[in-house]
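Worksheet: one structure, shown below.
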Amino acid sequence: MARAGTRGDSATKLHRGFSWLAVLGVLLVLAGIVGLVYTAVATLTSMLLFGWLLLIGGIVGLLHAVQARGTGFFWLGVIVAALNIAAGIVVIRLPHATAAALTMFAALLFLTAGFFRLVGGLVVRGPQLGWTLLLGAFDLLLGILVLGSWPSSSQYVIGAFISLALLFDGLGLVATGYGGRRIVGLVSEREQPGPA
């Protein structure tokens, strides 16, 4: 009897946990949609958040390095922490320039990935040749589009990418939460004893 009660409690906790997961997914989806509507604000916000994370991480790293003085880690920790602090200050003070630099970097990554996918697909000619060529062409086109309108594209590219990531992560969490609740419900129904 106590065992059945324990199972019921754990099923309730699982059900509640999956519900919170779905709620978090809905919040991420909403944040992604808002970010897609206001991509310039999303870009600026993400750059400032990135800068503050670098700065805080650098300060924490510096404190950790001070605690580890006398070891071989000390100078490496101080250098890495100083670089993080300096990068954080630069990003916070110049978020638009940082967004422009990251957009240029993303465009070059897309161009490089697209080129290597196309060439690699044509050389290897594996079973997924069509998909490889399609992805390579898509990466190449995306890189050309972003680079062609740079630096004005830096106002929306980073924000759009982050908003899309939030949107798809949120949809994944909603699906996981909803599916998990259904599975817990099905298992709970199956474990309930039938009428005597």
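1 is the number of the first residue of the sequence shown in the working numbering; add one for each residue after it.
We treat Cβ as the ideally placed atom computed from N, Cα and C, and that holds for glycine.
Computed from a predicted model, the values in this text were never measured in an experiment.
Chain-order list of residues whose beta-carbon lies under 6 Å from that of residue i (same chain, five-residue window excluded)
i    : result
V60  : none
L173 : L21, L24 and G25
P197 : The structure shown does not extend to residue 197, since the chain spans only 1 to 196, so no value can be given for it.
Status (buried if at least 16 other CB within 10 Å, exposed otherwise) for residue i
i    : result
T112 : exposed
I158 : buried
A165 : exposed
L76  : exposed
F168 : exposed
Three-state secondary structure (DSSP) of residue i
i    : result
R69  : coil
R125 : coil
Y178 : helix
L55  : helix
L94  : coil
heavy atom of the ligand ATP below 6 Å from residue i C-beta
i    : result
G114 : The model depicted lacks the ligand ATP and carries no ligand whatsoever.
Unbroken alpha helix (DSSP H) run spanning residue i, endpoints
i    : result
G143 : L129 to G148
P151 : Note, P151: premise wrong, no alpha helix (DSSP H); not H, not E.
Beta carbon of residue i nearer than 7 Å to that of residue j
i    : j    : result
S154 : A99  : yes
G58  : G32  : no
L147 : A106 : no
L142 : F110 : yes
Contacting residues, own chain, Cβ-Cβ under 7 Å from residue i (five flanking each side not counted)
i   : result
V91 : M47, F50, G51, L54 and T98
F18 : G177, G180, R181 and V184
A42 : G35, G159, I162 and S163
Chain B contact for residue i (CB, 7 Å cutoff)
i   : result
L21 : You won't find chain B in this structure, because it holds only one protein chain.
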